[in-house]
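First comes the structure, then the notes that go with it.
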Amino acid sequence: MQPPTDKQIKDVLKDFEPKKENLLIPILQKVQEVFGYVPPESLNLISKHTNVARSKIYGVLTFYAQFSTTPRGKYIVRPCRGTACHVRGAKNILSKIKSKLKIEDGETTPDYKFTLETVACLGACALAPTVVIGKDYYGKLTPDRIDAIIDSCK
Ligand code: FES
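Each number in the numbering used here corresponds to the 1-based position in the sequence shown with 429 added.
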């Protein structure tokens, strides 16, 4: 995957008023939404645009789990590994997802379609075991439903 060009990054930044430190997080969110991650190549341009030091931007990126500085998949697959899901078979769901996508937790498929990230609790314990793919919740899952759900992601 090629990192974005300066022009592509500037196109995102132009929608944000310059020299506004309080716009740093919305800018980082937008950059991540557009490119799927916050490319390290974008930090100088973001620093110039916001007047925030690169080191401080890097601190923000590492503090918030929502940000990634490495390319991620189009779909983030988040199986729950919390207690309620665990007792209802989350381990089997995770195994099925790993074997279907042929990746481990934290990895991205070579075509950048899927990234697998387990989470501590998705806040939908009554529906255990649960998985979120993109913005869609799937509950009361069984391993044999995983194939169809993942195949439905275009
Ligand atoms: S433990 Fe899985 S959703 Fe809460």
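Quick reminder that beta carbons are idealized off the backbone N, C-alpha and C, glycines included.
Between the Cα of residue 586 and the Cα atoms of 505, 440, 558, 563, which residue gives the shortest distance? Since the displayed the chain opens at 430 and closes at 583, residue 586 lies outside it and no answer follows.
Give a single yes or no on whether residue 509 has its beta carbon closer than 7 Å to a heavy atom of ligand 1. Relative to ligand 1, the beta carbon of residue 509 is positioned inside 7 Å of a heavy atom.
Could you give the C-beta distance for residue 584 and residue 450, rounded to a whole number, given that I count them as a contact under 8 Å? The first residue shown for the chain is 430 and the last is 583, placing residue 584 beyond what the model contains.
Do residue 436 and residue 474 have their C-beta atoms within less than 8 Å of each other? The answer is no: Cβ separation not under 8 Å.
Environment of residue 433 [buried if 16+ CB atoms lie within 10 Å]: With 16 or more Cβ atoms within 10 Å of its Cβ, residue 433 is classed as buried.
Around the Cβ of residue 537, are there at least 16 other Cβ atoms within 10 angstroms (buried) or fewer (exposed)? Classification of residue 537: buried, given that the 10 Å Cβ count is 16 or more.
Thinking C-beta only, is residue 529 closer than 8 Å to residue 562? With contacts defined by Cβ atoms closer than 8 Å, residue 562 and residue 529 do not form a contacting pair.
Please list the segments of the alpha helix (DSSP H) lying wholly inside the segment 450-510, counting only runs of 4 or more residues, in order along the chain. List check, alpha helix (DSSP H) in window: 453-464, 472-479, 483-492.
With a threshold of 6 Å on Cβ separation, who are the neighbours of residue 549 within its own chain once the five nearest residues in sequence on each side are excluded? Here the set comprises 511.
Quick check: residue 471 and residue 460, are their CB atoms within less than 8 Å of each other? Contact: yes.
Nearest to residue 465 by CA position, among 551, 544, 571, is which residue? Looking at the Cα atoms, 544 is the closest of the given residues.
If we count the other Cβ atoms within 10 Å of its Cβ and call it buried at 16 or more, is residue 454 buried or exposed? Taking all protein chains shown into account, residue 454 has fewer than 16 neighbouring C-beta atoms within 10 Å of its C-beta and is therefore exposed.
Using a threshold of 7 Å, is the CB atom of residue 545 nearer than that to any non-hydrogen atom of ligand 1? For ligand 1, not one heavy atom lies less than 7 Å from the Cβ of residue 545.
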